[in-house]
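Heads up: the sequence lines are chains C and L, in that order. Counting in this note's numbering, the first sequence tops out at residue 391, every number present. Counting in this note's numbering, the second sequence tops out at residue 1140, every number present. Right, one structure below, let's go through it.
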Amino acid sequence: MRIVADSARLLGAPGLIPIASAHIDGALYHGDSGTLFAERLVAGGARVAVRATLNVGALDLTGCARVRLEEPARSMARRMMEAYRKLGCEQSWTCAPYQAGHRPAFGTDVAWGESNAVVFCNSVLGARTNRYGDFLDIACAISGRAPDYGLHRPENRRPTLTFDVSGLPAAFLADETAWPVLGSLYGREVGNAIGIVTGVKKHPGEDALKAFGAAAASSGAVGLFHIAGVTPEAGTFGKIEAETTIHVTPEMAADARKRLSTAQTVDRLDAVAIGSPHLSLDEFGALERLLAGRKLSVPLYACTGRHILTELDKAGRRKALESCGVTIVADTCVVVTPILADRRDGVLMTNSGKFAQYAPGNTGYGVLYGSLADCVESAVAGRPSFAEIDR
Amino acid sequence: MSARAGEILVPGAAGAGKALVLTAPISFWGGVDPKSGRIADVRHPQHGEIIAGRVLFLPGTIGSSSASAVLMELVHSSNAPAAMVLHEPDAILLLGLIVAREMGWQTPVAMKLDRQHFSAFDGHRVEVTAGGMIRAVAAA
Chain C
1 MRIVADSARL
11 LGAPGLIPIA
21 SAHIDGALYH
31 GDSGTLFAER
41 LVAGGARVAV
51 RATLNVGALD
61 LTGCARVRLE
71 EPARSMARRM
81 MEAYRKLGCE
91 QSWTCAPYQA
101 GHRPAFGTDV
111 AWGESNAVVF
121 CNSVLGARTN
131 RYGDFLDIAC
141 AISGRAPDYG
151 LHRPENRRPT
161 LTFDVSGLPA
171 AFLADETAWP
181 VLGSLYGREV
191 GNAIGIVTGV
201 KKHPGEDALK
211 AFGAAAASSG
221 AVGLFHIAGV
231 TPEAGTFGKI
241 EAETTIHVTP
251 EMAADARKRL
261 STAQTVDRLD
271 AVAIGSPHLS
281 LDEFGALERL
291 LAGRKLSVPL
301 YACTGRHILT
311 ELDKAGRRKA
321 LESCGVTIVA
331 DTCVVVTPIL
341 ADRRDGVLMT
351 NSGKFAQYAP
361 GNTGYGVLYG
371 SLADCVESAV
381 AGRPSFAEID
391 R
Chain L
1001 MSARAGEILV
1011 PGAAGAGKAL
1021 VLTAPISFWG
1031 GVDPKSGRIA
1041 DVRHPQHGEI
1051 IAGRVLFLPG
1061 TIGSSSASAV
1071 LMELVHSSNA
1081 PAAMVLHEPD
1091 AILLLGLIVA
1101 REMGWQTPVA
1111 MKLDRQHFSA
1121 FDGHRVEVTA
1131 GGMIRAVAAA
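Right under this line is the structure:
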């Protein structure tokens, strides 16, 4: 409660409000300090007062993938995950809790951590949360309260900026890569402002919105976006008089796409990673269709939650994917913990704007950005393969 | 030599060190190595600089909600900045200091100062008092 109150004071919040649920990002091991904090809470007899799902940890407790975390870090990471279980959190271990049955109702106040989950919860579900940092999320879950400020207040959810994509070709907007690319551009352009995307004619589907939000929240400090005609609050503001309008041109989109790649060359490939945020069942379906039973030449890591693993196992789909050479990673992912081979000059291909943002800093790999189809063809061929180089 | 009074965001120990004025916002998680304090984001203009022991001027923060965990780990492993000067209070990053204080660890002071004043401290050794004065004391 002291942490919640101190944060409220720092932010100038007039008081605290009750929350309906929490999503906890604090159980990922970055060093011993976080484990010591979680165990301090357990020792003090703390329990969560509201439903609290857990974001990824640093270990794959399902045993699907081998995490190269050495002792003593490995034991500390396991102790940390165990401490959050003892606090009463659900063992969801996913960064896509909203696709694992945790979907707060429109208009409810919640305290969520994990930048992509926050932006999805606000924007696509219309529930209300700020970008809760590690440790404040669990403090809110235990106290059942959150500081009354920011995105909890309806007046702060109004868009002040328009991000107009009507100047982009319909074919580009229909392509799956449009959404992570536009998300990374959006995040860089708007920072922490609330924007409304206009010029989208067709609902792009939930997985596209997931990819857009995740990319935007890693290149910027985006906690909420609206898309006219698509997201649930977009039509509730009456006439919007935006202070700024960004007219997105094909050149801006092409440049944003180029910036997602950092690798200097396109003639080698060491690994492919997909699933940031965690893959949905639909996305696994797309992977299976593109792979069509072929064998991979370089490892392809498919990151997901145990909620999806259960479904894949039921139908024998996990075995089939693994026999093609796919490594399924559950409970965690390849940029938050060492799973990729330790290779300083490695090249990683991904279709995720969020992986593209964080992989160089966290794994040391250079990144090549491509569509899911490019990722699969490249993993089969063992070298980068792009359907269209200069889209 | 420049001197400015800042507003204290999170109280902490006074500190001194060479100024590190970031010219772009950063995500501490994925952008700063929690083991060494090195800026690991290859797209950041100050990539490769070490924030440990520096007076860190932050024009803004972006990205992950684990920034607080990275900053707390830097405090715990004695790799934190000597002091932090932020353009605006950041609810995620500063939690790292709030929680570290709860744990009884010594944290650097975090101040608020308009980013237009940052460049005056660039290239200098800077002292930040626990009371909120930010002073350039020598060319670094």
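Each residue gets a CB set at the ideal place from its N, CA and C atoms; glycine is no exception.
Chain-ordered neighbours of residue i on chain C, where CB pairs are closer than 8 Å
i, result
"Asp-1122(L)", "Correct list: empty, because the minimum Cβ distance to chain C is about 22 Å."
"Ser-1078(L)", "Ordered by position in chain C, no residue passes the 8 Å Cβ test against Ser-1078(L), which lies about 11 Å from the chain."
"Ala-1082(L)", "Here the premise fails: no neighbours, minimum Cβ distance about 19 Å."
"Pro-1034(L)", "His-30 and Gly-31"
"Val-1164(L)", "A query on residue 1164(L) cannot be resolved here, the shown segment of chain L reaching from 1001 to 1140 and no further."
Residues that residue i contacts on chain C, provided the C-beta gap is smaller than 9 Å
i, result
"Ile-1026(L)", "The premise fails here: Ile-1026(L) is roughly 10 Å from chain C at the closest Cβ pair, so nothing lies under 9 Å."
"Ile-1051(L)", "Under the 9 Å cutoff, chain C gives no residues; its nearest Cβ is about 14 Å from Ile-1051(L)."
"Glu-1073(L)", "His-30, Gly-31, Asp-32, Ser-33 and Gly-34"
Chain-ordered neighbours of residue i on chain L, where CB pairs are closer than 7 Å
i, result
"Pro-360(C)", "Val-1042"
"Ala-111(C)", "Within chain L, no residue comes near Ala-111(C); the closest Cβ sits about 11 Å away, beyond 7 Å."
"Ser-276(C)", "The contacting residues do not exist; Ser-276(C) stays about 11 Å from chain L at best."
"Ser-7(C)", "Ala-1091, Leu-1095 and Ile-1098"
With 16 other Cβ atoms within 10 Å as the buried cut-off, status of residue i
i, result
"Ser-371(C)", "buried"
"Ile-389(C)", "Here the model assigns Ile-389(C) a pLDDT of 46, short of 50, so the residue's position is not dependable and the matter cannot be decided."
"Phe-1028(L)", "buried"
"Thr-310(C)", "exposed"
"Asp-1041(L)", "buried"
"Ala-341(C)", "exposed"
"Gly-293(C)", "exposed"
"Gly-382(C)", "exposed"
"Tyr-317(C)", "Correcting the residue identity first, residue 317(C) is Arg in this sequence and not Tyr. With 16 or more other Cβ atoms within 10 Å, it is buried."
"Ser-1064(L)", "buried"
"Ala-302(C)", "buried"
"His-30(C)", "buried"
"Glu-377(C)", "buried"
"Lys-1035(L)", "exposed"
"Arg-257(C)", "buried"
"Asp-282(C)", "exposed"
"Gly-133(C)", "buried"
Interface residues of chain C facing residue i [CB-CB closer than 7 Å]
i, result
"Ala-1136(L)", "Those do not exist, as Ala-1136(L) stays about 27 Å from chain C at its closest Cβ, beyond 7 Å."
"Ile-1092(L)", "Arg-131 and Gly-133"
Amino acids of chain L, ordered along the chain, whose beta-carbon sits closer than 9 Å to that of residue i
i, result
"Leu-69(C)", "Neighbours of Leu-69(C) on chain L: none; closest Cβ ~13 Å, over 9 Å."
"Ile-411(C)", "Only positions 1 to 391 of chain C appear in this structure, which leaves residue 411(C) out of reach."
"Glu-114(C)", "Ser-1064, Ser-1065 and Ser-1066"
"Arg-40(C)", "Glu-1102 and Met-1103"
Nearest-angstrom beta carbon gap, residue j and residue i [assumed within contact, 8 Å]
i, j, result
"Leu-136(C)", "Cys-89(C)", "15 Å between Cβ atoms; not a contact."
"Ala-379(C)", "Val-230(C)", "Rounded, the Cβ-Cβ distance is 32 Å, inconsistent with contact."
"Ala-111(C)", "Ala-83(C)", "That pair is no contact at about 19 Å."
"Asn-130(C)", "Gly-12(C)", "Contact flag wrong, Cβ pair sits at about 13 Å."
"Arg-306(C)", "Ala-330(C)", "5 Å"
"Ala-1082(L)", "Arg-1054(L)", "6 Å"
"Asp-1114(L)", "His-1087(L)", "7 Å"
"Ile-1092(L)", "Gly-1006(L)", "That belief does not hold up - the Cβ atoms of Ile-1092(L) and Gly-1006(L) are roughly 20 Å apart, past 8 Å."
Proximal residues of chain L, C-beta to C-beta of residue i below 8 Å
i, result
"His-226(C)", "Residues of chain L passing the Cβ test: none, with the nearest at roughly 20 Å."
"Glu-322(C)", "In chain order: nothing, as chain L lies at least about 29 Å away."
"Ser-21(C)", "Chain L residues near Ser-21(C): none, gap ~16 Å exceeds 8 Å."
"Ala-221(C)", "Pro-1025, Gly-1060, Thr-1061, Ile-1062 and Gly-1063"
"Val-334(C)", "Those do not exist, as Val-334(C) stays about 13 Å from chain L at its closest Cβ, beyond 8 Å."
Delimiting residues of the alpha helix (DSSP H) encompassing residue i
i, result
"Asp-282(C)", "281-291"
"Tyr-358(C)", "353-363"
"Glu-39(C)", "32-43"
"Met-76(C)", "73-86"
"Val-181(C)", "178-190"
"Gly-213(C)", "206-219"
"Lys-258(C)", "250-259"
"Val-334(C)", "Taken as a continuous stretch (DSSP letters only), Val-334(C) belongs to no alpha helix (DSSP H), as it is neither H nor E."
"Val-222(C)", "That residue, Val-222(C), is in no alpha helix (DSSP H); it is neither H nor E in DSSP."
"Val-118(C)", "115-120"
"Arg-383(C)", "Careful: Arg-383(C) lies outside any alpha helix (DSSP H) and carries neither H nor E."
"Ala-171(C)", "170-174"
Enclosing beta strand (DSSP E) for residue i [first to last residue]
i, result
"Glu-1127(L)", "1124-1128"
"Arg-1004(L)", "1003-1005"
"Thr-350(C)", "347-350"
"Gly-366(C)", "366-369"
"Cys-303(C)", "300-304"
Partner residues on chain D for residue i, Cβ-Cβ distance less than 9 Å
i, result
"Asp-267(C)", "Checking the listed chains, one finds no chain D in this structure; the protein chains it contains are C and L."
Proximity test, residue i beta-carbon vs the ligand FAD heavy atom, cut-off 7 Å
i, result
"Gly-1060(L)", "For the structure depicted, the ligand FAD is absent and the ligand set is empty, with no information on it obtainable."
- Identify each residue in the stretch 123-139 of chain C for which the Cβ-Cβ distance to at least one residue of chain L is less than 9 Å, and report them in chain order. Asn-130, Arg-131, Tyr-132, Gly-133, Asp-134, Phe-135, Leu-136, Asp-137 and Ala-139
- Residues of the stretch 1008-1032 of chain L with Cβ closer than 9 Å to any Cβ of chain C, in chain order: Leu-1009, Val-1010, Pro-1025, Ser-1027, Trp-1029, Gly-1030, Gly-1031 and Val-1032
- Message: If the cut-off is 7 Å on Cβ atoms, which residues from the stretch 26-37 of chain C count as contacting chain L, listed in chain order?
- Response: Gly-26, Leu-28, His-30, Gly-31, Asp-32, Ser-33, Gly-34, Leu-36 and Phe-37
- Query: Just by C-beta distance, which residues in the stretch 197-223 of chain C are closer than 8 Å to chain L?
  - Reply: Ala-217, Ser-218, Ser-219, Gly-220 and Ala-221
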